[in-house]
Structures are given as C-alpha cells and as structure tokens.
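Protein chains: 6
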Amino acid sequence: MTTQHPRHMYRETKRIKEVNGMPSQSVHSLITQTPEEGFALAVMLAQKGVTVTQPSEEVRKVLRPAYSTNPDSLINVSQVIAVHFQTVAAANNYWRQWTPYYQ
Amino acid sequence: MTTQHPRHMYRETKRIKEVNGMPSQSVHSLITQTPEEGFALAVMLAQKGVTVTQPSEEVRKVLRPAYSTNPDSLINVSQVIAVHFQTVAAANNYWRQWTPYYQ
Amino acid sequence: MTTQHPRHMYRETKRIKEVNGMPSQSVHSLITQTPEEGFALAVMLAQKGVTVTQPSEEVRKVLRPAYSTNPDSLINVSQVIAVHFQTVAAANNYWRQWTPYYQ
Amino acid sequence: MTTQHPRHMYRETKRIKEVNGMPSQSVHSLITQTPEEGFALAVMLAQKGVTVTQPSEEVRKVLRPAYSTNPDSLINVSQVIAVHFQTVAAANNYWRQWTPYYQ
Amino acid sequence: MTTQHPRHMYRETKRIKEVNGMPSQSVHSLITQTPEEGFALAVMLAQKGVTVTQPSEEVRKVLRPAYSTNPDSLINVSQVIAVHFQTVAAANNYWRQWTPYYQ
Amino acid sequence: MTTQHPRHMYRETKRIKEVNGMPSQSVHSLITQTPEEGFALAVMLAQKGVTVTQPSEEVRKVLRPAYSTNPDSLINVSQVIAVHFQTVAAANNYWRQWTPYYQ
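Chains as they are written, first to last, in the working numbering: chain A, 22 to 124; chain B, 22 to 124; chain C, 22 to 124; chain D, 22 to 124; chain E, 22 to 124; chain F, 22 to 124.
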C-alpha cells in the first residue's frame, strides 16, 4: 500500500523529483512524496543557507572537519534542519492521509 | 478508554508503527498514536539531523560523553527536540479528541 | 466563573490530569485546563528533552548547580520552554473562551 | 476610539486583567486587550521560564547584573520574549479589527 | 497602483501609523501598510525586548559598540527580528493581495 | 510547464519582481514566483536584520571574513534564513499547485 494523494498531486510531485534530481542546489518545490524525502530537502535547505554566505566550496571543505566533530555545531545544524523540516512538512500537509476532523 | 480517531486513521497509524519499528532511522510518517510516541519521533528526528552531518557512528560515539555531560549542549538538544515536537504535534492535530469551537 | 469548554472536553481533560499526575515523565496529552497547567506541561517537556539525552538522574543532579546559576543557561532553558508552550497553547486553542471572528 | 471586540470578550478580558494584576507570576489567560499588554505578558512568561529553573529570588538577584550588562544575554532574552509574543499574539488573533479576506 | 485592502483596514492602519509615530517604544498595533513598515516594527519589538531587561539607556549605549561590531551578536539580533517579523507578517496576512486558493 | 497561479497573482508577482530588482534592500512584497526566489528573499531579509543594527557598510565588510570562515557563524546565519524562509513560504502558500484536502 502506498501513500494516496489526489492524482494531480502525483503528477506534480513526479515532475518535481526529476527537477530536484539536478546536481545544482536549487529548490524547485517544497512538495515531496514522503517525509523521508522531505527531511532530505530540509537538509539541503540548511546547507544552502550556508552556501549563500560562504560560496567557496574550497573554504567550506576546510571548515567541515571543525564543525562535524564539534557536538555543539552538530546540534546547531540539527536545529536549522528542524526549522526547515517544519516548513517542508507544512507545505506537504504533513503527508497526511486523513484530515483533521473539523465539525 | 482509548483515544478515538476515525477508523481509517487507526489503520494508517498501525501500518506506520510497524514500518517505524524498523531499525533504520528513516521517517515513514509523522503520525503517531499518542503524544508520547510523538515525542519519541521528535527525538529521532533531532538525532537524524546530527547523523546526516556526521554519518560516522564511531565519531558520534566519541563525541557523546562531551555533550551528554555538558548542560548547555543538553539544553540545545532539548531545543531541537522541541522544534520537531511542534511539527509532529501539528501533524497529529495535537492528538485532540475534540475540535476547537469555530462559530 | 470558570472556563467553559464543551462538556466532552472536560471529561477528557479530567481523565488526562489524573494520568498526568503519575510520577513518570510521560506525556499523555497536550490538553490542560488552564494556561498555568499548560506552562507546567511545557516545563516538563523541556526537561524530558534533556532526560532522553542524559538518562542518568545522578549525572543530571551533578550538572544542575552549573546551569541553574549560569544566567545564559537559564535563558536557554526559558527558550526551550517557550517553544513547547507554543505547541501546548496551540493544542488548547489558547484556552480561548471566544473564537476569532471570521467573516 | 478604542479596540472593538465582541462584548463577551471585553468581560472576559476585564476579569483576566484583574486576576493577572496579582503579585504571583501565574498565567491566568493569554488574552490581553492591547499588543502592549500582550508584550508585557510575553516578558512575564520569559521570566517565569527562568524562575521555574532557578526558584531562589536571591540567586536570581545575584545573576542579574551579569546578564543585564552582557549584550549577548540581552539579545537572547529578547529572543525568548519574541517566541512568547508569537504565542500571545496568535492567541489574541493579533488584536485585529478586521479579518483577512478569504474568498 | 497601491496595495488594496478593504477600506476599513486603511482607516485603521492610518490611525495606527500616527500613533506608532510617537517617540515612545509602545506597540499599539501589529498592522502595517507594507512589509517594509512591518520589518521596521519587528526591529522595534526586538529592541523593546532588550529595553525591558536593561531599561537604562546609558548602559545600553555603552554596550552598543560591543555587539554592533561582533558578527555573532549581529546574527543573533537578526534572528530575534526574524521571529518578530514572522508574527507581524502573519498579523498582516502577509500583505497579500490575493488569497490562497482553497477548493 | 510552468507553475500556474490564478492570473491576478501573476500580474502582482511581476510588478513586485520589478520593484524588488531595485538595488536598495527594501522589502516590497513577500510574494515570489518560485521557492528559489523565496529563498533569495529570505537571505535578503536575514542580511537586512544585520544592516539595521550595523548600518555602516564599511564595518560590515571588515567583519565579513570573520564570520564567513567561522562554521558556527555560518550555521547561525543559516538559522536566521530558515526562520525567514518559513515566513516567505507561508506567505506564498508554499508555492502549492494543489490544496490540502479538507473534507
């Protein structure tokens, strides 16, 4: 059994995944088919926020060992991902099959 | 007395719990049956945000004593969990039995 | 004069308070009868976020004097509580007696 | 000209202000008559988050000079207030006279 | 072409701008006519959060050179503004001319 | 195939992009045609939050090397962008082609 969205959503989602498969770090849509893909998008958005401030891939590579072995940096990265995941999850109506019951 | 969601929600939830029981840290759904399970999911998401940046389990094990005995690190971890719990709680319509009264 | 929720809410709330009165730090519901109780729940959730990362009560007791006399740690704890209070307040429809007027 | 809420809101608000005027730092309602009062409530909630972790007024008095002359601490306090103000503002429907136009 | 809100919103907005033009740092309304004014209001709210904790203008003047030349302090100030801007933007229905299409 | 909004949204969006193309860092609208443009707007808003506190372009240029090579500063910048992106995404109804299904 797979997640069931209205058919037009599937078409859209498919188109977007193809586009998102591009190597560039461009964000083409916030719609993903699963929470797992949504989390991956949140990670990409967090990285993108770093890239715009430090565009040099060379410099970022030099910095990487510093923050990837610093627990506090890792926790802060996780925090940025959490904020973006909130946005992506809302965009996807939380990948819900059901809708909250409103009277 | 147990929490009562529409029947189709139960089916969905059950399916998800089985899938979520898998050892991998994949997020298959934001729907949980109780707030307690929702909190556990938020914890998992916070960890996942660290794992994507530092995939080496070995390195993470080395770092663990440092942050788990540092009060400020612990508070920051709690902050990341809080942001994810906000997302999970919204996804589950706050596990409400009742709906806010709209005129 | 007391807060007036639909009767089925009261029943639910009462059940939950009894359950929440249990010594364990489990979260059984986000519904509380008053903002004051909602704030207490937010405090509990912030502590719970620390507990899952550092389960040893002994270690946490050792750390306590450090952060409880460090103003920056106290401010950060207050921040985590604020995020959880946002979630709890939304879950309770802000404990509103009235509903925003929508045309 | 004053802000115009439905009459039953005024009554509620009035009752709450009286209660909130009590010296204790209990939060009796998130409803305030103006944004200015809402901001004051957010400040109180931020302080309350500190008080629950460090209940000793004596200790807090000792810490006060340290954080009130540290720009980074002041900015962080302002951050906590901002999160609480978001909650209070939402609870009060942003003190709007008008409602967003939904088709 | 200017932004078009229902006429009663204009009247309200105009009244508020006059009031907000007052030298005191009181917040009289979250409604602004443009995003630019909304951002200015968010900046004022962030400053107000500092002012309530350190009311002495003299002390704040002494601290200013320290944080205004510290990149991390500047980033944190920007964070507080971002949270307040979120509140102000929501209050103004994001200054939208159109409404999201709901089926 | 391009994103399809109701026609009046296009007109509005076009007008705004022209205005936003101006060199000044004024925010004229939160509406953008794509998530990519929305992210760029979020970056601009984060920078604007710094500029209001440190208006001297000269000073900011001096500070730039410090934070653009400090991983923790870069992560914090990314966090500010994430909060603004949340606002911009909500303003644009997440650039959705479809609407969440409400019963």
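Just so it is clear, CB atoms sit at the ideal spot from N, CA and C, and this is done for glycine as well.
Option in the options with minimal Cα separation from residue i
i, options, result
"L84 (chain C)", "B:D93, B:V73, B:R85 and B:V80", "B:D93"
"V101 (chain B)", "B:A61, B:E78 and B:T53", "B:A61"
"R117 (chain B)", "B:V48, B:T53 and B:H49", "B:T53"
C-beta atoms of residue i and residue j nearer than 9 Å
i, j, result
"S99 (chain C)", "G59 (chain D)", "no"
"Q107 (chain A)", "Q46 (chain F)", "no"
"A63 (chain E)", "Y115 (chain D)", "no"
Secondary structure of residue i, DSSP reduced to three states
i, result
"I52 (chain B)", "coil"
"G42 (chain C)", "Its pLDDT being 39, under 50, G42 (chain C) is placed unreliably by the model, and nothing is read from it."
"N114 (chain E)", "helix"
"V80 (chain C)", "helix"
"Y104 (chain D)", "The identity of residue 104 (chain D) in the sequence shown is Val, whereas the question assumes Tyr. V104 (chain D): helix per DSSP, three-state reduction."
"T72 (chain D)", "helix"
"S47 (chain F)", "coil"
"N97 (chain A)", "helix"
"V109 (chain C)", "helix"
Integer Cβ distance of residue i from residue j, believed to fall under 8 Å
i, j, result
"L51 (chain F)", "V109 (chain F)", "5 Å"
"P89 (chain D)", "T74 (chain E)", "Note on residue identity: the sequence assigns Ser, not Pro, to residue 89 (chain D). Yes, they are in contact, since the Cβ atoms of S89 (chain D) and T74 (chain E) sit about 6 Å apart, within 8 Å."
"L66 (chain F)", "V48 (chain F)", "7 Å"
"N91 (chain C)", "I96 (chain B)", "So it is not a contact: roughly 10 Å between Cβ atoms."
9 Å Cβ cut-off: residues of chain H touching residue i
i, result
"G59 (chain D)", "Protein chains A, B, C, D, E and F are contained in the structure displayed, whereas chain H is not."
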